[in-house]
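Using our numbering, the letters of the sequence shown correspond one by one to residues 122 to 445. Just so it is clear, CB atoms sit at the ideal spot from N, CA and C, and this is done for glycine as well. Here the structure is a predicted model, which means the values were calculated and not measured.
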Amino acid sequence: MPYLAGEVSARAALLEPMNFSFVQDALAFNVRYAFEQRILYESVSPRVPADWSVIVCSHDNDMYATFQENFESVAGNHRLQFVRISDATGMNEGYKRGLEMAWFGNIILCHHDIELLVPDFFDRLLGHLDCYDFIGVAGASKMSGPAILFDGHPHLLSRLSQPAKNMKSRILASSSPFAHVRPAAVLDGVFIACKRSALEQLGFDTQITGFHYYDVDLSHRAFKAGYDLAVVPDLALHHQSYGNFNTDWERGLLLFKQKFPELRGEPSPHRHFYTTSIGSENEISVWSWLNTLSGKWDQFRRASAEVQPGLACMKSTDPMFPSV
C-alpha cells in the first residue's frame, strides 16, 4: 500500500504543480518511504564507453583533487580528460581556454564543488545526450526575464542534494521533485554536458565577465539558436554550496540585461525550492525511488502521447509538456 500511495502522490503532485503544500507533503512521504524500505539502486544498461573532456575552473588544489577522484570513481570504462583552469579571470574566459585544450567530442562544464553519487552516471548521461544537445540538472522551461528563477513555478526544474544549513547532513533541494526529463530554455552552470561542436558554434562570450551569468548566457543563446536543452532528474548529484548572490552576480546580471534587453517580463512570486532531509546513509535509496517514480511517469507520458515503442526520447514537441 505505501508503494501505491507513493506512486499516486507523485503523479498527483506532477498534475497539480501549483499546489505547493501538497507537493512538499508528497516529497516528504516518498523520501520517508525510500528510507524505510532501503530501496536498492538500479543501474541502467551499460552503454558503449565514451570519451569525455571535463572542463572545470578551480583554484583550490584540495577541492579539485577530491573532485577528480570522485569523477574517476564513477567513470567505469568511460575515458575522462580533465581540463583544469586554475587561474581563470572569469568563467567564460576560463571555459574558452578549456575548450581549446579539450581533446574529445563530449564536453562537461561544471563546478568543482560537486559530487557524483551513482556508479552509472556516465551511462545515464550518454543516453540523455542521444536525445538532447545540452543536458543540465537545474534550469527552467521558460525564460521571459533575466534570471533562471524569474518565471517561477511550474517552469522551474531541478533535483539535486545540498548541505543542510548546519553542514552536518544533507537535504534534497528540488523545484520539481517528481519530474521526468523536461525540455528547458535555460540551464544552471553547476553541471552542463553537451557536444563540442555546439560549443564551437556558440562560443563563450568573454564580455560577460566574472563568475556568474556565463551559464545563463550560453544556454539562452543555445536555446535561441535551436538547440534542444533538457533538465534531467536522474543524474544524482550533490552540490556543496547554495550559490553566492554577491556583487559579482549583480554585475553579471547587469551585463546580461544589457545584452538581452528584451527579457523584461514580470517576475513570478513563486520561486521556492522544496526541501527535505535525506541524511547521507540512505541517500542512494532516495535517488533510486525518485528515479523509479520519474520513470513510471515517463512511461505514462509515452502511452498518452502514443509514442512509438522503442523511441529513445521525447523532444520539445511533446504535446503534453511543451518547452515554453
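Item: Separation of Val-311 from Gly-331, as counted between CA atoms; Value: 15 Å
Item: Phe-143 in three-state terms, based on DSSP; Value: helix
Item: Among Ala-300, Gln-283, Phe-344, Phe-299, nearest to Ile-292 - alpha-carbon criterion; Value: Gln-283
Item: Start-end ranges of the alpha helix (DSSP H) lying completely within the stretch 200-287, minimum 4 residues; Value: 212-222, 242-250
Item: Three-pair Cβ contact test at 8 Å for the stretch 350-357 versus the stretch 299-311; Value: yes
Item: Burial state of Ala-126, where buried means 16 or more other Cβ atoms lie within 10 Å; Value: exposed
Item: 8 Å Cβ cutoff met for Asp-309 and His-233; Value: no
Item: Option nearest Arg-392 by Cα separation, candidates Leu-270, Ala-343, Gly-400; Value: Leu-270
Item: Contact set for Leu-320: own chain, Cβ-Cβ below 7 Å, skip 5 residues either direction; Value: Leu-220, Ile-228
Item: Contact under 8 Å by Cβ, Ser-409 with Leu-161; Value: yes
Item: Buried/exposed call for Leu-356, threshold 16 Cβ in 10 Å; Value: buried
Item: Which of helix, strand or coil DSSP assigns to Val-407; Value: helix
Item: CB of Leu-358 within 8 Å of CB of Ile-235, strictly; Value: yes
Item: Between the CA atoms of Leu-247 and Lys-217 - distance to the nearest angstrom; Value: 23 Å
Item: Among Ala-285, Asn-287, Pro-298, nearest to Ser-279 - alpha-carbon criterion; Value: Pro-298
Item: The alpha helix (DSSP H) enclosing Ser-174, as first and last residue numbers; Value: Run containing Ser-174: none in the alpha helix (DSSP H); it sits in the beta strand (DSSP E), 172-178.
Item: Touch test, the stretch 186-200 against the stretch 143-157, Cβ-Cβ under 8 Å, three pairs minimum; Value: no
Item: Selected residue, minimal CA-CA separation from Pro-275, among Ala-131, Gly-400, Leu-135; Value: Leu-135
Item: Backbone secondary structure at Val-129 - three-state DSSP; Value: helix
Item: Ala-259, buried or exposed, once every other Cβ within 10 Å from all chains shown has been counted against 16; Value: buried
Item: Minimum C-alpha distance to Arg-317 - residue among Ala-343, Pro-382, Thr-397; Value: Ala-343
Item: Spatially closest choice to Phe-411 from Asn-140, Trp-173, Pro-138, Phe-150, by CA coordinates; Value: What sits at residue 411 in the sequence shown is Leu, not Phe. Residue Phe-150 is the option with its Cα nearest to Leu-411.
Item: Residues sharing a beta bridge with Phe-312, DSSP; Value: Cys-231
Item: Whether Met-212 touches Leu-384 by CB criterion (8 Å); Value: no
Item: DSSP state of Glu-387 mapped onto helix, strand, coil; Value: coil
Item: Own chain residues within Cβ distance below 6 Å of Pro-443, not counting five before or after; Value: Residue confidence is low: Pro-443 scores 35 on pLDDT, short of 50, so the model does not pin down where it sits. No coordinate-derived value is stated.
Item: Beta carbon of Phe-394 nearer than 8 Å to that of Ala-314; Value: no
Item: Alpha carbon of Leu-376 to alpha carbon of Ala-261, nearest angstrom; Value: 20 Å
Item: Same chain, Cβ closer than 8 Å to Asp-254, neighbours up to 5 away in sequence not counted; Value: Cys-315, Lys-316, Ala-319, Ala-343, Tyr-348, Asp-349, Leu-350
Item: Extent of the continuous beta strand (DSSP E) to which Leu-358 belongs; Value: 358-360
Item: Spatially closest choice to Leu-230 from Asp-251, Leu-339, Glu-193, by CA coordinates; Value: Leu-339
Item: Same chain, Cβ closer than 8 Å to Val-206, neighbours up to 5 away in sequence not counted; Value: Note on identity: in this sequence residue 206 is Ile, with Val being the wrong assignment. Only Ile-176, Val-177, Cys-178, Ser-179, Gly-215, Tyr-216, Arg-218, Gly-219 meet the Cβ criterion.
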